[in-house]
Amino acid sequence: MEEPAEEEAPEAAYQAKLIDFKQLKPGMTVRVHERIKDISPKGEERERIQIFEGIILWLKGSGISRTMTVRKMSKGFGVEKIYPINSPVIAKIELVKKARVCRAKLGYLKDLKHRFKRKLKETRPA
-2 MEEPAEEEAP EAAYQAKLID FKQLKPGMTV RVHERIKDIS PKGEERERIQ
48 IFEGIILWLK GSGISRTMTV RKMSKGFGVE KIYPINSPVI AKIELVKKAR
98 VCRAKLGYLK DLKHRFKRKL KETRPA
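Okay, so the sequence shown: first residue is -2 according to this note's numbering, each after it adds one.
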């Protein structure tokens, strides 16, 4: 007997692609799936996944101590998070968009509003 095929509709609803840590570059828009441990009012500990979507501003360090800074705009405020790339807290990283940039550190995106974000030339994720 044949087993019923799994539906891939929820996965195919958006064009995100899982990405390896070695392929990360500044200018990429990524979704970082972060494991969060919560404690309920009853004292039970549970784990959930929280998604943070933003632009990689820069990568620092090398090897196992490498970190990335991801920035997003939330209700008019800029929110930045620094993630150690090899942390067990990160469940997965999905590539949403790629932009062609000529700098290793995109600090100019922090100070300016939407003017320069429109200037990022998008390329298709491979």
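Even glycine gets a Cβ: it sits at the ideal position worked out from N, Cα and C.
Please read these numbers as outputs of a predicted model, since none were measured by experiment.
Query - Per-residue burial, Pro23 [other beta carbons within 10 Å of its own, 16 or more giving buried] - result: Burial call: buried.
Query raised in the report: Roughly how many angstroms lie between the CA atoms of Leu103 and Ser37, to the nearest whole one?
Result: C-alpha separation (whole angstroms): 39 Å.
**Report entry** Whole-angstrom distance between Val29 and Gly40, CA atom to CA atom
**Finding:** One C-alpha to the other measures close to 28 Å.
Report task. Assuming Tyr80 contacts Val67 (C-beta within less than 8 Å), just tell me the rounded distance between them. Result -> Indeed they touch by this definition, with Cβ atoms about 7 Å apart.
Report task. Pick helix, strand or coil for Gly75, following the three-state DSSP scheme. Result -> Strand, per DSSP.
Query - Boundaries of the beta strand (DSSP E) in which Leu106 is found, first to last residue - result: Run containing Leu106: none in the beta strand (DSSP E); it sits in the alpha helix (DSSP H), 105 to 108.
Query - Option nearest Arg45 by Cα separation, candidates Leu54, Arg32, Gly51, Ile52 - result: The residue with the shortest Cα to Cα distance from Arg45 is Arg32.
Query raised in the report: What is the rounded straight-line gap between the Cα of Ile48 and the Cα of Val76?
Result: Their backbone Cα atoms lie some 13 Å apart in a straight line.
Query - Option nearest Ile82 by Cα separation, candidates Lys95, Lys14, Leu21 - result: Looking at the Cα atoms, Leu21 is the closest of the given residues.
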